[in-house]
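Trainee: Before we start, here is the structure in question, set down as structure tokens.
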Ligand SMILES: [Fe+2]
Ligand SMILES: [Fe+2]
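This is the structure we're talking about:
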């Protein structure tokens, strides 16, 4: 199908998307960043902050680096809303449109907005990081922008979103696990809660893509192949702290070492999507889509062979300094 037809199919899903809006929580039922940090309007704020900082004192530097990377990624939310609103057929026509798609995208953005806020506030209160260099990184990241390589095609963009939600769900959940192990139940609760949001968002994007697979299986399979051939780039890959040109690569190595987001996770996400959308079982595909289906079914095994080499390189890494933690090496 042509791009124009794909746009029409996505537009026609609007009522279906509206039915899924329950996957977003109402504002009344939503948590807010204030729920997780000491209340600054209370008399005992100083004591509470002291306790808060004591709990955070045991977080290892490498976990802090990965946490800052996650926070910076969340804080670049304007780039993700912009990206969504470049998708034909789903974009918010005037910024306050009442289509199902527009309501979804604004509701999703409003939920996501709390993630960066909360992690930012947590890190500020702990006193464990150089906040200014973290803030400089956020400003650079938003200025540098982000191209998820979806070409404004709604199929590609929704696949990208499903992938990213799953990836962030993994990484927040793993940080929650690591920090609980380090004795900080505050951060464990924070990252666990954020992971819960990402899980709901992932669910929604998987349902949206599932609908496309149902209506236009050939188009969906071709879009999935295209996105996987391009590789799903991480949204924060243009991060820069003003000094280190390799910041993203070095952050990724630390994340990989800690098992927070690994090559194996990437492959596992692909595996799960192939299963979720029953890609191998699709029939009556165009010949081009049938070839894409075959490629996709072979891809996890191909990637597994390739990652063995990459994993060896990560483990052999030398300690790296991060401005975020005052130049300390991890
Ligand atoms: Fe998020
Ligand atoms: Fe998300």
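Numbering (our numbering), first residue to last: 96 to 425. In this text, a Cβ means the ideal position worked out from N, Cα and C, and glycines have one as well.
(1) What residue does the alpha helix (DSSP H) around residue 305 start on, and which one ends it?
(2) Would you check whether ligand 1 has a heavy atom nearer than 7 Å to the C-beta of residue 332?
(3) For residue 434, which three-state DSSP category applies?
(4) So if I measure from each beta-carbon to every heavy atom of ligand 1 and keep distances below 7 Å, which residues remain?
(5) Given a threshold of 16 other Cβ atoms within 10 Å of its Cβ, counted over all protein chains shown, does residue 148 qualify as buried or as exposed?
(6) Note the first and the last residue of the continuous alpha helix (DSSP H) segment covering residue 140.
(7) What do you reckon, is the C-beta of residue 260 under 7 Å from a heavy atom of ligand 2?
(8) Closest to residue 208 by CA distance: which of 134, 188 and 126 is it?
(9) Which of helix, strand or coil does DSSP assign to residue 117?
(10) Can you name, in chain order, every residue of its own chain whose Cβ lies under 8 Å from the Cβ of residue 98, other than the five neighbours on each side?
(11) According to the neighbour-count rule (16 or more other Cβ atoms, all chains shown, within 10 Å of its Cβ), is residue 392 buried or exposed?
(12) Does the Cβ-Cβ distance between residue 296 and residue 203 come in under 8 Å?
(13) Under 8 Å, do residue 419 and residue 224 count as touching if we go by C-beta distance?
(14) Please list the segments of the alpha helix (DSSP H) lying wholly inside the region 314 to 342, counting only runs of 4 or more residues, in order along the chain.
(15) Check whether the Cβ atoms of residue 179 and residue 252 lie closer than 8 Å to each other.
(16) So, residue 282 versus residue 206, is the Cβ gap smaller than 8 Å?
(17) Beta carbon of residue 245: closer than 7 Å to some heavy atom of ligand 2?
(18) Would you give the residue range spanned by the alpha helix (DSSP H) that residue 162 belongs to?
(19) Between which two residues does the alpha helix (DSSP H) carrying residue 123 extend?
(20) Whose C-alpha, out of 400, 233 and 227, is nearest the C-alpha of residue 335?
(21) Return yes when the Cβ of residue 212 is within less than 8 Å of the Cβ of residue 201, no when it is not.
(22) Drop a sphere of 10 angstroms on the beta-carbon of residue 339, count the other beta-carbons inside from all chains shown, and report buried for 16 or more, exposed for fewer.
(23) Let me check understanding here. Comparing Cα to Cα, which of 306, 210 and 160 lies closest to residue 425?
(24) Just the Cα atoms here: how many angstroms apart are residue 143 and residue 361?
(25) Go ahead and pull the three-state DSSP assignment for residue 416.
(26) Please report the distance separating the alpha-carbon of residue 265 from that of residue 357.
(27) Leaving aside the five residues before and after residue 156 along the sequence, list all residues of the same chain whose C-beta is less than 6 Å from its C-beta, in chain order.
(28) What residue range is occupied by the uninterrupted alpha helix (DSSP H) comprising residue 101?
(29) Which same chain residues, not among the five before or five after residue 399, have their C-beta less than 7 Å away from its C-beta?
(30) Taking 7 Å as the cut-off, is the beta-carbon of residue 296 closer than that to any non-hydrogen atom of ligand 2?
Mentor: Checking against the coordinates, here is how it stands:
(1) 280 to 310
(2) no
(3) With the chain running from 96 to 425 in the structure shown, residue 434 is simply not present.
(4) 169, 207, 210, 263, 289, 292 and 293
(5) exposed
(6) 140 to 151
(7) yes
(8) 126
(9) helix
(10) 183 and 248
(11) exposed
(12) yes
(13) yes
(14) none
(15) yes
(16) no
(17) no
(18) 156 to 170
(19) First-last for residue 123: undefined, no H or E at that position.
(20) 233
(21) no
(22) buried
(23) 160
(24) 39 Å
(25) strand
(26) 10 Å
(27) 420, 423 and 425
(28) 98 to 107
(29) 362
(30) yes
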